[in-house]
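J.: Residue numbers (full-length UniProt numbering): 1 to 554.
In this text, a Cβ means the ideal position worked out from N, Cα and C, and glycines have one as well.
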């Protein structure tokens, strides 16, 4: 409970660490205040309004809320509860209701907490879930700025820029930069724009922004270089070497994230010796691999068929006592399953089973699913329902994926019905699992229909992988019209600049034994250039042209 508040007073507070700022909300039955921690280090409290209603109903609701998860001593509340709670407190005006800002996990990380003390002085604390309401967040920030409720600094403008880019696109983001006072247009502003260019896989714009950072005389940071590496890892791996040479020349030190990117790139290319060389270089620089890197290396060993090396890596991750080294469990479970080691999966799960964490349960469901032990996966899920009562859709999706992978359509349908009965929010992850459920069952038209309805009825776009699952299935059939239709939808919804969709579409032409006229020109117009795999596919479809001409001559 915050200092200065008497025990037993109805109060609540939320503290959110966004990508750049710390915000805090405090409300009791007479006042509502916004706390704003600027880059200057000063903390400002701004009164947003007055709450005329008693907080008693809110306290009663909170006490009745069924916990969604218990991890590290925290309670976590469902989206439906939070969407009730915030408008209740900040219902005076629409803008003040937009305090849903503080449910946004800024950038790629962030955390928050909700505290409330009831009449008995007891305190409940909850870890906020991600709650992506970017449009409302942006409007709330604009309201704060327009009403002079805050004194923004560079990182505040960067946070706003990030939202503009995500909601309205890069062009509007660049226009927003023009409105930022020149004294606040520093490296952080352009770094934020660069990150959004990379997220949009816009190579030309990303390179343009990076060059502008240099031209303006800002220091080249590890963050900016990592963004380029992330981009080139996706679209043109040949350019990675150029970035590394530039980092060496500019004396930019690699971070742990840099090494993760490089190790994963080598592993995906099945360059195991190159991957191991990077690990040695990293250790030579005094940087020790974390659990994420260790798991990544083990995964690449497994997919490279180097099972002995994979097992050695997993034993190193375990340490001497898995119960002590509990953090490794969620990574070990699916990796042992990938090796087909059911006994090791059972042994690791036994270390968690008595007091499992949610992420460990997810990993166990995935692991048992990989091993084909559906009953064990279902047992983990049912145990979760007993322990946490109300689960978010994320945990249903894990079991739904297991059913999809094993073509258990009827079980999948039944699980989706349970989700609906339990008022679970259906979002992109659930759509993805449903699409794959029907694809694996051979009902691609139904999967296509689900995807189309999801895209039309919701503001949040379906996952890229959902479209690719349907596109791949049409490609296998050699169904060019439907493959082109899905390819067109990908472009419409904003999924551009990725080689994967071109490969899948080309495969449709190959399987149909039909020439793909003008395909090179299409790629060039999209600023996409064939890699080795696509070049081989283009050569294959070119052969069909020659065959058709030969047939005419004959």
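(1) Residue 414: beta carbon under 7 Å from a heavy atom of the ligand ATP?
(2) Does the stretch 425-434 come into contact with the stretch 458-465, if we say contact requires no fewer than three beta-carbon pairs (one atom in each stretch) closer than 8 Å?
(3) For my contact list, residue 396 and residue 437 are in at a C-beta cut-off of 8 Å; report their separation, rounded to the angstrom.
(4) Would residue 392 be called buried (16 or more neighbouring beta carbons within 10 Å of its own) or exposed?
(5) If you run the structure through DSSP and keep just helix, strand and coil, what is residue 218?
(6) Sort 170, 239, 182, 443 by Cα distance to residue 209 and report the nearest one.
(7) Tell me whether residue 57 is buried or exposed, calling it buried when 16 or more other Cβ atoms sit within 10 Å of its Cβ.
(8) Going by DSSP, what residue range makes up the alpha helix (DSSP H) through residue 393?
(9) Since I believe residue 531 is in contact with residue 203 (beta carbons under 8 Å), could you give me their beta-carbon distance rounded to a whole number of angstroms?
(10) How many Å lie between residue 106 and residue 225 at the Cα?
(11) Let me know the secondary structure DSSP gives residue 22 once reduced to three states.
(12) Between 277, 533, 539, which lies nearest to residue 236 when the distance is taken from Cα to Cα?
(13) On the DSSP letters alone, give me the boundaries of the alpha helix (DSSP H) that residue 326 sits inside.
(14) Below 8 Å CB to CB, which residues in the same chain sit around residue 320 once its five sequence neighbours on both sides are set aside?
(15) In or out: residue 278 buried (at least 16 other Cβ within 10 Å) or exposed?
(16) Looking only at its chain, what residues have a beta carbon closer than 6 Å to the beta carbon of residue 359, apart from the 5 residues adjacent to it on each side?
(17) Which same chain residues, not among the five before or five after residue 372, have their C-beta less than 8 Å away from its C-beta?
(18) Taking buried to mean at least 16 other C-beta atoms within 10 Å of its own C-beta, is residue 155 buried or exposed?
(19) Leaving out five residues before and five after residue 503 in sequence, what residues of the same chain have Cβ atoms less than 8 Å from its Cβ?
(20) Under 8 Å between the Cβ atoms of residue 479 and residue 508?
(21) Rounded to whole angstroms, how far is the Cβ of residue 229 from the Cβ of residue 243, which I believe are closer than 8 Å?
(22) Of the choices 296, 256, 324, whose alpha-carbon is the least far from that of residue 311?
(23) Can you name, in chain order, every residue of its own chain whose Cβ lies under 6 Å from the Cβ of residue 338, other than the five neighbours on each side?
(24) Measuring only between beta-carbons, confirm whether residue 281 sits less than 8 Å from chain B.
(25) Answer with buried or exposed for residue 472, where buried requires no fewer than 16 other C-beta atoms within 10 angstroms of its C-beta.
(26) Please name the residue, chosen from 185, 512, 234, 160, that lies closest to residue 216 on a Cα-to-Cα basis.
(27) Only counting the same chain, and skipping five residues up and downstream in sequence, which positions put a Cβ closer than 7 Å to that of residue 476?
T.: Let's see:
(1) In terms of ligand content, the structure shown is empty, and the ligand ATP therefore cannot be addressed.
(2) Taking 8 Å as the limit for Cβ pairs, the verdict is that the stretch 458-465 does touch the stretch 425-434.
(3) With a Cβ gap of about 12 Å, residue 396 and residue 437 do not count as contacting.
(4) With 16 or more other Cβ atoms within 10 Å, it is buried.
(5) Collapsing the DSSP output to three states places residue 218 in coil.
(6) For the residues 170, 239, 182, 443, the minimum Cα distance to residue 209 belongs to 170.
(7) Interpretation of residue 57 is limited by its pLDDT of 32, a score under 50 that renders its predicted location unreliable; no figure is taken from the coordinates.
(8) Here the alpha helix (DSSP H) through residue 393 covers 393-405.
(9) Actually they are not in contact, since the Cβ atoms of residue 203 and residue 531 sit about 14 Å apart, beyond 8 Å.
(10) Confidence is the limiting factor: at residue 106 the pLDDT is only 33, short of 50, which leaves the residue's position unreliable and the question unanswerable from this model.
(11) Note that residue 22 scores a pLDDT of 37, beneath 50, so its modelled location is shaky and nothing firm can be said.
(12) Shortest Cα-Cα distance from residue 236 to any of 277, 533, 539 involves 533.
(13) Note, residue 326: premise wrong, no alpha helix (DSSP H); not H, not E.
(14) A distance below 8 Å between beta-carbons, with the five flanking residues on each side excluded, links residue 320 to no residue of its chain.
(15) With 16 or more other Cβ atoms within 10 Å, it is buried.
(16) Only residues of its own chain outside the window of five on either side were considered, and among them 330 have a CB closer than 6 Å to the CB of residue 359, listed in chain order.
(17) Within the same chain, residue 372 has close Cβ partners 406.
(18) By the 10 Å Cβ count, residue 155 comes out buried.
(19) Contacts found: 533, 534, 537.
(20) A contact, by the Cβ cut-off of 8 Å.
(21) The distance from the Cβ of residue 229 to that of residue 243 is about 6 Å, consistent with a contact at the 8 Å cut-off.
(22) Relative to the Cα of residue 311, the nearest Cα in the group 296, 256, 324 belongs to 296.
(23) Exclusion of the five residues before and after residue 338 leaves 302 as the residues of its chain whose Cβ lies within less than 6 Å of its Cβ.
(24) The structure shown contains no chain B; it is built from a single protein chain.
(25) That one is buried.
(26) It is 185.
(27) Cβ neighbours of residue 476 beyond the five flanking positions: 511.
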